[in-house]
Amino acid sequence: MLVEYEKGALLALHLGRMKDAGTLVPAQLSVAKLNNVREALRIAGQARSILAGDGITAEFPVMRHLANLEAVRTYEGTDEIRALILGRELTGVSAFA
Numbered sequence: 000m001l002v003e004y005e006k007g008a009l010l011a012l013h014l015g016r017m018k019d020a021g022t023l024v025p026a027q028l029s030v031a032k033l034n035n036v037r038e039a040l041r042i043a044g045q046a047r048s049i050l051a052g053d054g055i056t057a058e059f060p061v062m063r064h065l066a067n068l069e070a071v072r073t074y075e076g077t078d079e080i081r082a083l084i085l086g087r088e089l090t091g092v093s094a095f096a
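When you line the sequence shown up against numbering that gives the first Met the number 0, it's residues 0 to 96, in that order.
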């Protein structure tokens with residue numbers, strides 16, 4: 000879980016530096032958002048599993064994080080929308096009307 004968390008943080012840092020340098024391509028944000036939200040959900044799911052029954056209690060906020068991440072996944076763009084954006088970048092063909 001720590002390795003994936005650190006990779007996501009490094010990706011965000013790298014993209015921030017690219018933005019500052021003026022070299023960031025919008026599709027790169029889709030890659031980062033898609034990856035980081037997927038990994039955050041996976042990490043929160045693993046944490047819930049490790050905690051067993053305690054993973055769904057108020058004592059450990061794992062379920063709150065899972066719910067928040069689902070909201071992030073939705074308002075930042077679902078996996079399918081991110082895939083369409085990346086497909087357009089890779090192929091030059093837009094799936095949007």
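We put the CB at the ideal spot given by N, CA and C, even for glycine.
(message) Suppose you measure from the CA of L68 to the CA of A39; what does that come to, to the nearest Å?
(response) By one-based count along the sequence shown, residue 68 stands at place 69. By one-based count along the sequence shown, residue 39 stands at place 40. Those two C-alpha atoms are separated by around 7 angstroms.
(request) Decide if L33 is buried, meaning its Cβ has at least 16 other Cβ atoms within 10 Å, or exposed. (result) Reading the sequence shown from its first residue, position 34 is the one you call residue 33. The residue is buried, with at least 16 neighbouring Cβ atoms inside 10 Å.
(request) Could you check what DSSP says for A82 in three-state terms: helix, strand or coil? (result) The count along the sequence shown starts at 1 and reaches residue 82 at position 83. Here A82 sits in helix by DSSP.
(request) Please determine if the region 0 to 15 and the region 41 to 54 are in contact, where contact requires at least 3 C-beta pairs separated by less than 8 angstroms. (result) The region 0 to 15 vs the region 41 to 54: in contact.
(request) Please confirm whether A31 and L12 have their CB atoms less than 8 angstroms apart. (result) Along the sequence shown, one-based indexing puts residue 31 at 32. Along the sequence shown, one-based indexing puts residue 12 at 13. L12 sits away from A31, with the two beta carbons spaced by 8 angstroms or more.
(message) Using a Cβ-Cβ cutoff of less than 8 angstroms, which residues in the same chain neighbour Q27 once the five nearest sequence positions on both sides are dropped?
(response) In the sequence shown, residue 27 corresponds to position 28, counting from 1. Same-chain partners within the cutoff: L14 and M17.
(message) For V24, count the other beta carbons within 10 Å of its own beta carbon; 16 or more makes it buried, fewer makes it exposed. Which is it?
(response) The sequence position of residue 24 within the sequence shown is 25, counting from 1. When all chains shown are included, V24 counts as exposed.
(message) By the DSSP assignment, the alpha helix (DSSP H) with G21 in it spans what residues?
(response) By 1-based counting over the sequence shown, the position of residue 21 is 22. Counting along the chain, no alpha helix (DSSP H) covers G21, and no H or E run does either.
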